[in-house]
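Undergrad:
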Amino acid sequence: MLPGNNEEKKGRTVVSVNNKPVEFLPLDGSTMYLGRLLTLGDFHGAKIQHRISRGWKMFWSLKRTLCDKGHSLRDRLKLFEATVSPTVLYGSGTWTMTA
90 MLPGNNEEKK
100 GRTVVSVNNK
110 PVEFLPLDGS
120 TMYLGRLLTL
130 GDFHGAKIQH
140 RISRGWKMFW
150 SLKRTLCDKG
160 HSLRDRLKLF
170 EATVSPTVLY
180 GSGTWTMTA
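Be aware that the sequence shown starts at 90, since it is given in the working numbering, and climbs by one per residue.
1. Using CA coordinates, which residue listed in S119, H139, R140 is at the minimum distance from G130?
2. Only counting the same chain, and skipping five residues up and downstream in sequence, which positions put a Cβ closer than 7 angstroms to that of L166?
3. Which one of C156, H133, W145 has the shortest CA to CA distance from G182?
4. Please classify S106 as buried or exposed, where buried requires at least 16 neighbouring CB atoms within 10 angstroms.
5. Would you grab the beta carbon distance between L151 and T128 for me? Rounded to a whole angstrom, and I think it's under 8 angstroms.
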């Protein structure tokens, strides 16, 4: 690393390698890359929080239908189980379960 060849960008360090910028992710930070959450710190906590936020996003996009009493409760639950639940639980088979 050459002196004066790096800069801070939103808490991330950017270094030039062969005149190309390379961004370093801090230990407590995270970023999205190709639809995946990358983090060096609390991976499982960050991933679970990310999945929960995606689930809420899916819920809010379907809120009008999910809360419409003009549709039967059974149909609304089917829609919820087909959209929101899989969004939250995506990749849950790889999550480490600890107490």
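Using N, Cα and C, we set each Cβ at its ideal position, and we do this for glycine too.
All values derive from a computational prediction rather than experimental measurement.
TA: A quick look at the data gives this:
1. As a working note, residue 130 is residue 41 in the sequence shown. Selected option, being the one with the closest Cα: S119.
2. In the sequence shown, the residue the question calls residue 166 occupies position 77. Within the same chain, L166 has no close Cβ partners at all.
3. Mapped onto the sequence shown, residue 182 falls at position 93. Taking only the C-alpha atoms, the option nearest G182 is H133.
4. Taking the sequence shown and counting its residues from 1, the one referred to as residue 106 is at position 17. Checking the sequence shown, residue 106 turns out to be Val, not Ser. It is exposed - the Cβ of V106 has fewer than 16 other Cβ atoms within 10 Å.
5. Walking along the sequence shown from the start, residue 151 turns up at place 62. Walking along the sequence shown from the start, residue 128 turns up at place 39. The Cβ separation is near 28 angstroms, so there is no contact.
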